[in-house]
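Worksheet: one structure, shown below.
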Amino acid sequence: MCDTCGCNITSGNRHLLLDMPKATTPVSVLSTLLAHNDKQAETNRARLDRQGILAVNLMSSPGSGKTALLEATIAQLKSRLRIAVIEGDLETENDAARIRAQGVVAHQITTGTACHLDAHLVEGALDQIDLGQIDLLFIENVGNLVCPASFDLGHHLNVTLLSVTEGDDKPAKYPVMFRAADLMLVTKSDLLPHLDDFSPQRAEQHLRALANPAPVLTLSSRKNQGMEVWLQWLQEQVVAHKSRVAQQETLKPRVQKEGRALHQAAPAVRFRPVKPVHDHVD
Amino acid sequence: MHELSLCDDLMRQVTALAAEHRARRVASITLRMGPLSGVEPDLLRNAFEISRAGSVAETAELLIEPQPVRVRCRRCGAESEASVNNLLCRACGAFETALISGDELILARVELLNEE
Chain X
1 MCDTCGCNIT SGNRHLLLDM PKATTPVSVL STLLAHNDKQ AETNRARLDR
51 QGILAVNLMS SPGSGKTALL EATIAQLKSR LRIAVIEGDL ETENDAARIR
101 AQGVVAHQIT TGTACHLDAH LVEGALDQID LGQIDLLFIE NVGNLVCPAS
151 FDLGHHLNVT LLSVTEGDDK PAKYPVMFRA ADLMLVTKSD LLPHLDDFSP
201 QRAEQHLRAL ANPAPVLTLS SRKNQGMEVW LQWLQEQVVA HKSRVAQQET
251 LKPRVQKEGR ALHQAAPAVR FRPVKPVHDH VD
Chain A
283 MHELSLCDDL MRQVTALAAE HRARRVASIT LRMGPLSGVE PDLLRNAFEI
333 SRAGSVAETA ELLIEPQPVR VRCRRCGAES EASVNNLLCR ACGAFETALI
383 SGDELILARV ELLNEE
């Protein structure tokens, strides 16, 4: 009988071997799976805050009018605010070229196959922009109602667009995205008379069902309808952020702010000190 | 499809933990996930199959503990079950609720093996 060839194992004692506990060390961690991204996001936010810059993340489906909104916004605000834009797309410089035509700095991130921006991609873009020269930074995320919602970029506010050519139940279909909105914009409102199945009121009800109290504005950037309330909101946010950072305070986008701190199971998002339950078998 | 980037983060944390405890292998990884985290458990499992190759967690079992969606009402104080697109208070119907469970994306536990 030996321990080498296994001849000590018989049908009578085999179950003892199978039941034998392995030398395992369970370790409690309780850290978020996005720790690496979130850490970079905090670094980005601190960098923006040092310059007093407000960063706004624009998210929506492809084609709901993010770039058109930026063109119209920049045209009307560039005399009052210094603006720069980070554009996220899978391919092409087209959107950055449209923004540059408005006379402001635009940096294009092409993500290749990645369907969202993350904090590391934004860090690289921040390196390309003279941050001492701007008050307001727009980050136009990749057109996608799913993944961008999960990534903190180091920005301060999430603005989510819903165009009237989409369904007004989009908030119910994409709750993770719309729950994260600090402001929801119903865009392309000039088309509303041609569409009998989109109701801005229903869209707002679906947003409220996600327990989201964010304001809802209806506008058309092409026809310059409802733009003044949006422009007013933006300017107020820039002023509020300047005084916030003067007090050494910052603002996190809605979901992160409300956050994970409420969860009893996850009091901290960082690595907690770990204690093996029993000693190692070295 | 951001499950692969999440797995990168997961592997980074697990590898660091294994090195810290001088473990030879990782036996199991337990995650707590809610449906409002925006992550699909099945896609994450697929991404994990790719990410773990050649790592200390090559043979590790991935255990996912789904978390329920629950809210606490800021108006009436009631705690209730909710669903991903209906986070209203079940008791009074208010939308002023706070999510207390359901958007977790947490690495809860790692089981390390010190023997081959």
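Chains as they are written, first to last, in this note's numbering: chain X, 1 to 282; chain A, 283 to 398.
Even for Gly, the Cβ is constructed at its ideal location relative to N, Cα and C.
Residues that DSSP places opposite residue 89 of chain X in a beta bridge:
X:110
Going along the chain, which residues of its own chain have a beta-carbon closer than 6 Å to the beta-carbon of residue 200 of chain X, five neighbours each way excluded?
186, 218
With a threshold of 8 Å between beta carbons, is residue 292 of chain A in contact with chain X?
yes
Does the stretch 314–322 of chain A touch the stretch 343–355 of chain A, meaning 3 or more C-beta pairs lie closer than 8 Å?
yes
Does residue 195 of chain X pass the burial test, meaning 16 or more other C-beta atoms within 10 Å, or should it be called exposed?
exposed
Hey, is residue 320 of chain A's beta-carbon within less than 8 Å of any beta-carbon in chain X?
It does; some Cβ of chain X falls within 8 Å.
Which same chain residues, not among the five before or five after residue 241 of chain X, have their C-beta less than 6 Å away from its C-beta?
54
How long is the line joining the alpha carbons of residue 362 of chain A and residue 372 of chain A, rounded to whole angstroms?
6 Å
Run through DSSP, which three-state label would residue 288 of chain A get?
helix
Can you tell me whether residue 65 of chain X is buried or exposed? The criterion is at least 16 other CB atoms within 10 Å of its CB, across all chains shown.
buried
For residue 98 of chain X and residue 191 of chain X, what's the separation of their Cα atoms in angstroms?
23 Å
According to DSSP, is residue 140 of chain X part of a helix, a strand, or is it coil?
In the structure shown, residue 140 of chain X sits in a strand (DSSP, three-state: E or B).
Determine the extent of the alpha helix (DSSP H) in which residue 123 of chain X is found, giving its start and end residues.
119–126
Counting contacts by CB-CB distance shorter than 8 Å, is residue 179 of chain X in contact with chain A?
yes
What does residue 393 of chain A reach in chain X if we use C-beta pairs closer than 8 Å?
What residue 393 of chain A touches in chain X, judged by beta-carbon distance under 8 Å, is 24, 25, 26, 27, going in chain order.
Who does residue 105 of chain X pair with in a DSSP beta bridge?
X:84
For residue 248 of chain X, which of helix, strand or coil comes out of DSSP?
coil
Ordered list of alpha helix (DSSP H) runs contained in the stretch 161–233 of chain X, each at least 4 residues
170–173, 175–179, 200–208
Classification of residue 170 of chain X by the beta-carbon crowding that lies within 10 angstroms, buried from 16 upward:
buried
How many Å lie between residue 391 of chain A and residue 304 of chain A at the Cα?
16 Å
In chain order, what residues of the same chain lie with their CB nearer than 7 Å to the CB of residue 384 of chain A, ignoring the 5 residues before and after it?
316, 317, 318, 349, 350, 351, 352
Rounded to whole angstroms, what is the Cα-Cα separation between residue 260 of chain A and residue 387 of chain A?
As displayed, chain A neither begins before 283 nor continues past 398, which places residue 260 of chain A out of reach and without an answer.
Span separating the alpha-carbon of residue 289 of chain A from that of residue 80 of chain X:
44 Å
Chain-ordered neighbours of residue 362 of chain A on chain X, where CB pairs are closer than 7 Å
Here the premise fails: no neighbours, minimum Cβ distance about 12 Å.
Residue 300 of chain A by DSSP, collapsed to three states: which one?
helix
Here's the rule: buried if 16 or more other CB atoms are within 10 angstroms of the residue's CB, otherwise exposed. What is residue 188 of chain X?
buried
Inter-residue Cα distance where the pair is residue 336 of chain A and residue 111 of chain X:
Going by the C-alpha atoms only, they are around 27 Å apart.
In whole angstroms, what separates the C-alpha of residue 367 of chain A from that of residue 104 of chain X?
39 Å
Please identify the residue among X:129, X:205, X:193, X:236 whose C-alpha is closest to the C-alpha of residue 165 of chain X.
The candidate whose alpha carbon is nearest that of residue 165 of chain X is X:193.
Would you mind stating whether residue 44 of chain X and residue 141 of chain X have Cβ atoms separated by less than 8 Å?
no
Assign residue 366 of chain A to one of three DSSP states: helix, strand, or coil.
coil
Can you list, in chain order, the stretches of the beta strand (DSSP E) that have 3 or more residues and sit fully within the stretch 338–390 of chain A?
343–348, 352–355, 361–363, 379–383
8 Å contact criterion, which residue 117 of chain X and residue 138 of chain X should meet: CB distance rounded
That belief does not hold up - the Cβ atoms of residue 117 of chain X and residue 138 of chain X are roughly 12 Å apart, past 8 Å.
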